[in-house]
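Enquirer: The numbers in this note's numbering rise by one with no breaks, and the one at position 192 of the sequence shown is 567. Cβ coordinates follow ideal geometry from the N, Cα and C atoms, glycine included. Everything numeric in this text was worked out from a predicted model, so none of it was measured. Quick one: the structure is below, and I'll ask about it shortly.
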Amino acid sequence: MHNHYLPTTTHIKMADKYMLRVTAGSDYDEANQKLVHVNTEQPIKISNSKLDASLTVRVQNYRGEPVNSPSSCAYFNADPHKSDLYSISFSFTPKKDINGHDLVFGNDFDHPIKDKLPPGFGQAMKIAQWFIDPGLYGDAYADEPYLYGPFLSSINTLRVGEKKEPTEMKGSEDKPIVVSEGADGDGVEARKKAGLPDEANARKKHFLKEQHLKDFTFEEGRNYSCDFFNPYLDFNGKCSTEGGDSKRKKCPRRTTGSYTLSVGRRNESGDKIAQIS
Numbered sequence: 376m377h378n379h380y381l382p383t384t385t386h387i388k389m390a391d392k393y394m395l396r397v398t399a400g401s402d403y404d405e406a407n408q409k410l411v412h413v414n415t416e417q418p419i420k421i422s423n424s425k426l427d428a429s430l431t432v433r434v435q436n437y438r439g440e441p442v443n444s445p446s447s448c449a450y451f452n453a454d455p456h457k458s459d460l461y462s463i464s465f466s467f468t469p470k471k472d473i474n475g476h477d478l479v480f481g482n483d484f485d486h487p488i489k490d491k492l493p494p495g496f497g498q499a500m501k502i503a504q505w506f507i508d509p510g511l512y513g514d515a516y517a518d519e520p521y522l523y524g525p526f527l528s529s530i531n532t533l534r535v536g537e538k539k540e541p542t543e544m545k546g547s548e549d550k551p552i553v554v555s556e557g558a559d560g561d562g563v564e565a566r567k568k569a570g571l572p573d574e575a576n577a578r579k580k581h582f583l584k585e586q587h588l589k590d591f592t593f594e595e596g597r598n599y600s601c602d603f604f605n606p607y608l609d610f611n612g613k614c615s616t617e618g619g620d621s622k623r624k625k626c627p628r629r630t631t632g633s634y635t636l637s638v639g640r641r642n643e644s645g646d647k648i649a650q651i652s
């Protein structure tokens, strides 16, 4: 995984013998990347001209750097996440207003991967757009392939916080911070005023309409917390089942890429604000 768009970027690289190395920073420059301590409650802090962010990464059955990292964590014992294989959880506070239409989230690569794509990938992409996230768009066959979606319709959980200096929440190895859909403090009224549905799935569906994206503003100085997770992608390269059907499995190819949070569409002059690789 390799992010290159928030004021944070997270790179998840397959090291020798398929060990994972997860880093995060504000761009792709390795000099600006920090090693992420996976499966711990030690968040990485990232900051740039667009926002301040805090990031935590969890991977089930983790094998990677730093050596002797926990293979799992209590997050995966929580009822909503017992089947999930990874989580990218982060909070951010914009330093200036960001229009909801401009903020995107997804994957990108700095090198071609078309020779590594499995047969039928194009059709699988169409199915994903039809049944999983109609907001997805991208080009997996480009020299610098990417797959993005509007942040507001892509992120699994979104919590609107208060418009003040955020109080840092500290989790423990036994009681990790698990982000749930909702709001806190004056964020309750802000979420209601913005017309966000209470439930995550309803919120994602709401923001499939372009006008709803344009009508939303990530406010300067307001804290937002979110979590991106799923039970399908196994970074250890093992097969994972699709849709609970044990007969249908997909085995991710080992390669290097990023999860990215970006201001601006890929086909425009977008500013990368965070990256996880």
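(1) Please classify Ala-428: does DSSP put it in a helix, a strand, or coil?
(2) Go ahead and label Cys-614 buried or exposed: buried means 16 or more other beta carbons lie within 10 angstroms of its beta carbon, across all protein chains shown.
(3) From Glu-416 to Pro-606, what distance separates their C-alpha atoms?
(4) Tell me which residues share the same chain as Ser-458 and place their Cβ nearer than 7 Å to its Cβ, disregarding the 5 neighbours each side in the sequence.
(5) Over what stretch of residues does the beta strand (DSSP E) that includes Ser-466 continue unbroken?
(6) Tell me which residue opens and which closes the beta strand (DSSP E) that Leu-527 is part of.
(7) Expressed to the nearest angstrom, what Euclidean distance is found between the alpha-carbon atoms of Met-394 and Glu-440?
(8) For Leu-460 and Asp-549, what's the separation of their Cα atoms in angstroms?
(9) Judging by CA-CA distance, which residue of Asp-404, Glu-537, Asp-518 is the nearest neighbour of Ser-466?
(10) Buried or exposed: Asn-531, going by 16 or more other Cβ atoms within 10 Å of its Cβ?
(11) Classify Ile-502: buried if its beta carbon has 16 or more other beta carbons within 10 angstroms, exposed otherwise.
(12) Looking at C-alpha atoms only, which residue of Asn-436, Asn-414, Leu-511, Asn-423 is the closest neighbour of Asp-402?
(13) If we ignore side chains and look at the alpha-carbon of each, how far apart do Phe-582 and Gly-524 end up?
(14) With DSSP collapsed to three states, give me the class of Tyr-512.
(15) Would you call the segment 466 to 477 and the segment 496 to 515 touching, i.e. three or more CB-CB distances under 8 Å?
(16) Would the beta-carbon of Pro-681 fall within 8 Å of that of Asn-414?
(17) Taking Leu-410 as the reference, give the member of Thr-398, Lys-420, Ile-421, Pro-418 with the closest Cα.
(18) Apart from the five residues on each side of it in sequence, which residues of its chain come closer than 8 Å, Cβ to Cβ, to Ala-575?
(19) Using DSSP with H/G/I as helix, E/B as strand and the rest coil, what is Ile-488?
(20) Just to confirm, are Ser-600 and Val-553 a CB contact at a threshold of 8 Å?
(21) Would you kindly work out how many angstroms separate the C-alpha atoms of Tyr-450 and Ile-473, rounded to a whole number?
(22) When we look at the beta-carbon of Arg-628 and count the other beta-carbons within 10 Å, is it buried (16 or more) or exposed?
(23) Below 8 Å between beta carbons: does that hold for Pro-509 and Ile-488?
(24) Going by DSSP in three states, Ile-473 sits in which element: helix, strand or coil?
(25) Rounded to the nearest angstrom, what separates Ala-428 and Ala-499 at their Cα positions?
(26) Thinking Ser-528 and Lys-579 are a contact (beta carbons under 8 Å), I'd like their distance in whole angstroms, please.
Expert: So, from the data block:
(1) For the purposes of this step, residue 428 is taken as residue 53 along the sequence shown, with counting starting at 1. Strand, per DSSP.
(2) As a working mapping, residue 614 is identified with position 239 in the sequence shown. Here the model assigns Cys-614 a pLDDT of 39, short of 50, so the residue's position is not dependable, and the following value carries that caveat. It counts as exposed.
(3) Counting from 1 along the sequence shown, the entry for residue 416 is found at position 41. Counting from 1 along the sequence shown, the entry for residue 606 is found at position 231. Distance between the alpha carbons of Glu-416 and Pro-606 is about 21 Å.
(4) Within the sequence shown, the letter at position 83 stands for residue 458. Hits under 7 Å: Pro-606.
(5) Translated into positions along the sequence shown, residue 466 becomes position 91. Segment 461 to 469, the beta strand (DSSP E) holding Ser-466.
(6) Start at 1 with the first residue of the sequence shown, and residue 527 comes out as number 152. That residue, Leu-527, is in no beta strand (DSSP E); its alpha helix (DSSP H) goes 526 to 529.
(7) Here residue 394 refers to the residue found at position 19 when the sequence shown is read from its first residue. Here residue 440 refers to the residue found at position 65 when the sequence shown is read from its first residue. Going by the C-alpha atoms only, they are around 7 Å apart.
(8) Counting from 1 along the sequence shown, the entry for residue 460 is found at position 85. Counting from 1 along the sequence shown, the entry for residue 549 is found at position 174. Cα to Cα, Leu-460 sits roughly 18 Å from Asp-549.
(9) In the sequence shown, counting from the first residue as 1, residue 466 sits at position 91. Considering only alpha carbons, the answer is Glu-537.
(10) The sequence position of residue 531 within the sequence shown is 156, counting from 1. By the 10 Å Cβ count, Asn-531 comes out buried.
(11) As a position in the sequence shown, residue 502 is number 127, starting the count at 1. By the neighbour-count criterion, in which a residue is buried when 16 or more other Cβ atoms sit within 10 angstroms of its Cβ, Ile-502 is exposed.
(12) Locating residue 402 in the sequence shown gives position 27, counting from the first residue. Minimum Cα distance to Asp-402 is reached at Asn-423.
(13) Residue mapping note: residue 582 aligns to position 207 of the sequence shown, counting from 1. Residue mapping note: residue 524 aligns to position 149 of the sequence shown, counting from 1. So the two alpha carbons sit approximately 11 Å from each other.
(14) Within the sequence shown, the letter at position 137 stands for residue 512. Per DSSP, reduced to three states, the secondary structure at Tyr-512 is strand.
(15) no
(16) With the chain represented from 376 up to 652, any question about residue 681 goes unanswered, as that position is not in the structure.
(17) Numbered from its first residue, the sequence shown carries residue 410 at position 35. If we check each option's Cα against that of Leu-410, Thr-398 comes out closest.
(18) On the sequence shown, position 200 is the one that residue 575 refers to. So the qualifying residues of the chain are Asn-531, Thr-532, Leu-533, Glu-556.
(19) By one-based count along the sequence shown, residue 488 stands at place 113. Reduced to three states, the DSSP call for Ile-488 is coil.
(20) In the sequence shown, residue 600 corresponds to position 225, counting from 1. In the sequence shown, residue 553 corresponds to position 178, counting from 1. Contact flag unset, no.
(21) For this step, residue 450 is matched to residue 75 along the sequence shown. For this step, residue 473 is matched to residue 98 along the sequence shown. Computed Cα separation, rounded: 30 Å.
(22) Taking the sequence shown and counting its residues from 1, the one referred to as residue 628 is at position 253. Residue confidence is low: Arg-628 scores 37 on pLDDT, short of 50, so the model does not pin down where it sits. Its coordinate-derived value is still stated next. With fewer than 16 Cβ atoms within 10 Å of its Cβ, Arg-628 is classed as exposed.
(23) Reading the sequence shown from its first residue, position 134 is the one you call residue 509. Reading the sequence shown from its first residue, position 113 is the one you call residue 488. Their beta carbons are not under 8 Å apart, which means Pro-509 does not touch Ile-488 by this criterion.
(24) Within the sequence shown, numbered from 1, the residue matching residue 473 stands at position 98. Here Ile-473 sits in strand by DSSP.
(25) By 1-based counting over the sequence shown, the position of residue 428 is 53. By 1-based counting over the sequence shown, the position of residue 499 is 124. When rounded, the distance between both Cα atoms is 33 Å.
(26) Within the sequence shown, numbered from 1, the residue matching residue 528 stands at position 153. Within the sequence shown, numbered from 1, the residue matching residue 579 stands at position 204. That belief holds up - the Cβ atoms of Ser-528 and Lys-579 are roughly 5 Å apart, short of 8 Å.
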